[in-house]
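**Q**
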Amino acid sequence: MTSDTENTHRLAILFSGEGSNMEAIIQALHQKPLSSGQIIISSVITNNPNAGGIARAKRLGVPCHVVDHRSFSQREAFDLALTEMIAPYDPTLVILAGFMRILTPVFTQRFRTINIHPSLLPLFKGAHGIKESYNSSMQVAGVTVHHVNEELDGGEIIMQKAIEKIPGEDFAEFKSRIHALEHRLYPAAILKILEQN
Ligand code: GRF
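Numbering of the sequence shown is given in my numbering, commencing with residue 146 and proceeding in unit increments.
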C-alpha cells in the first residue's frame with residue numbers, strides 16, 4: 146500500500162516577474178487528480194521582492210516565499226538558500242516560470258527542474274530570446290519546454306510548439322500570442338512528464 150505522500154505530485158514554481166505562467170499552471174493543475182496521484186502546487190518562490198507575481202500568488206491563495214538574490218554575493222550561496230527553502234516541500238518537480246537567474250549545480254543536481262523559453266530552441270537562447278525571435282527573418286516562432294541542466298536553455302526538449310508570424314504584427318501583439326501559447330503549452334508539458342513517470 147502506498148502513502149498519500151507517494152500518491153502526490155508536489156510542484157514548486159519559481160518566478161521573477163509577472164508570474165502569468167505560474168498562474169496558468171496553478172489554474173490548470175493545482176489539485177488535479179491523475180491516475181498516478183494528485184498534483185499539488187506545494188510552494189511558490191521568487192527571487193524578486195517586487196515581482197508582480199507575488200500579488201497573483203496571494204490572490205490564488207498560494208503562499209509565496211521571497212529569497213532575494215541580492216542578499217548573496219555568490220551564485221552558489223543563493224542557490225543553497227533557495228535549495229534550503231524548497232527542500233522541506235520535497236518537490237517531485239521544480240518549475241521555472243520566468244525565473245531570471247542562472248542556476249548552478251548546487252540547485253540543478255538537487256532537484257529535477259524544467260523551464261519554459263519563448264523561442265524554438267536551440268534558436269535564440271538567453272534573456273532576449275523573444276525579441277531576437279521576433280526580429281529574425283524566420284517565418285515561424287514558438288515556445289519550448291525543456292529540462293534544466295548547467296547549460297543556459299540547453300537541456301533536453303520536452304515539448305515545443307510553433308506559430309506562424311503575421312506580416313506587419315508589432316512586437317506587443319507577437320509577445321501576447323507567444324505568452325498565450327506558453328500558458329497552454331506549459332501545463333501540457335508538465336502533465337506529459339508526470340504521466341510518463
Ligand atoms: C515568459 O515569456 C517566459 O518564457 C520567459 O519569461 C517570461 C515570463 O513571463 N522566460 P511571466 O512572468 O510568466 O508572465
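Cβ atoms here follow ideal geometry from the backbone N, Cα and C, with glycine treated the same way.
What is the rounded straight-line gap between the Cα of Lys203 and the Cα of Leu330?
**A** Taking the first residue of the sequence shown as 1, we reach residue 203 at position 58. Taking the first residue of the sequence shown as 1, we reach residue 330 at position 185. Computed Cα separation, rounded: 24 Å.
**Q** Starting from Ile261, trace the beta strand (DSSP E) in both directions and tell me its first and last residue.
**A** Sequence index remark: in the sequence shown, residue 261 carries index 116 (1-based). Here the beta strand (DSSP E) through Ile261 covers 258–262.
**Q** Are the Cβ atoms of Glu327 and Asn166 separated by less than 7 Å?
**A** Stepping through the sequence shown from its first residue, residue 327 is reached at position 182. Stepping through the sequence shown from its first residue, residue 166 is reached at position 21. Their beta carbons are under 7 Å apart, which means Glu327 touches Asn166 by this criterion.
**Q** So, at 8 Å on beta carbons, what are the nonlocal neighbours of Asp224 in its own chain, with the 5 sequence-adjacent residues on each side left out?
**A** Translated into the one-based positions of the sequence shown, residue 224 becomes position 79. Contacts found: Leu248, Thr249, Val251, Phe252.
**Q** Does Ala232 come out as helix, strand or coil in the three-state DSSP assignment?
**A** As a first step, residue 232 must be located in the sequence shown, where it is residue number 87. Of the three classes helix, strand and coil, the one that applies to Ala232 here is helix, per DSSP.
**Q** My understanding is that Gly162 touches Gly243, with C-beta atoms under 8 Å, so please give their C-beta distance in whole angstroms.
**A** For the purposes of this step, residue 162 is taken as the residue at position 17 of the sequence shown. For the purposes of this step, residue 243 is taken as the residue at position 98 of the sequence shown. Yes, Gly162 and Gly243 are in contact; Cβ-Cβ is about 5 Å, under 8 Å.
**Q** I'd like to confirm the pairing. Which residues does DSSP put opposite Ala157 in its beta bridges?
**A** Locating residue 157 in the sequence shown gives position 12, counting from the first residue. The partner list for Ala157 (beta bridge, DSSP) reads Ser188, Val239.
**Q** Count the other CB atoms within 10 Å of the CB of Ile311; is the residue buried (16 or more) or exposed (fewer)?
**A** Translated into the one-based positions of the sequence shown, residue 311 becomes position 166. Classification for Ile311: exposed.
**Q** With C-beta atoms as the reference, is Arg155 less than 7 Å away from Ile185?
**A** For this step, residue 155 is matched to residue 10 along the sequence shown. For this step, residue 185 is matched to residue 40 along the sequence shown. Their beta carbons are under 7 Å apart, which means Arg155 touches Ile185 by this criterion.
**Q** Report yes if the C-beta distance between Gly100 and Ile302 is below 7 Å; otherwise report no.
**A** Here the chain comprises residues numbered 146 to 342, so residue 100 is not present and cannot be evaluated.
**Q** Verify whether the separation of the beta carbon atoms of Val293 and Asn342 is less than 7 Å.
**A** Within the sequence shown, numbered from 1, the residue matching residue 293 stands at position 148. Within the sequence shown, numbered from 1, the residue matching residue 342 stands at position 197. No, the Cβ-Cβ distance between Val293 and Asn342 is not below 7 Å.
**Q** Assign His262 to buried or exposed, taking buried as 16 or more other Cβ atoms, counted over all protein chains shown, within 10 Å of its Cβ.
**A** In the sequence shown, residue 262 corresponds to position 117, counting from 1. When all chains shown are included, His262 counts as buried.
**Q** Going by beta carbon distance, what residues of the same chain come within less than 8 Å of Thr228, once the five residues before and after it are set aside?
**A** For the purposes of this step, residue 228 is taken as the residue at position 83 of the sequence shown. For Thr228, where only same-chain residues beyond five positions count, the Cβ hits under 8 Å are Val251, Phe252, Arg255, Phe256.
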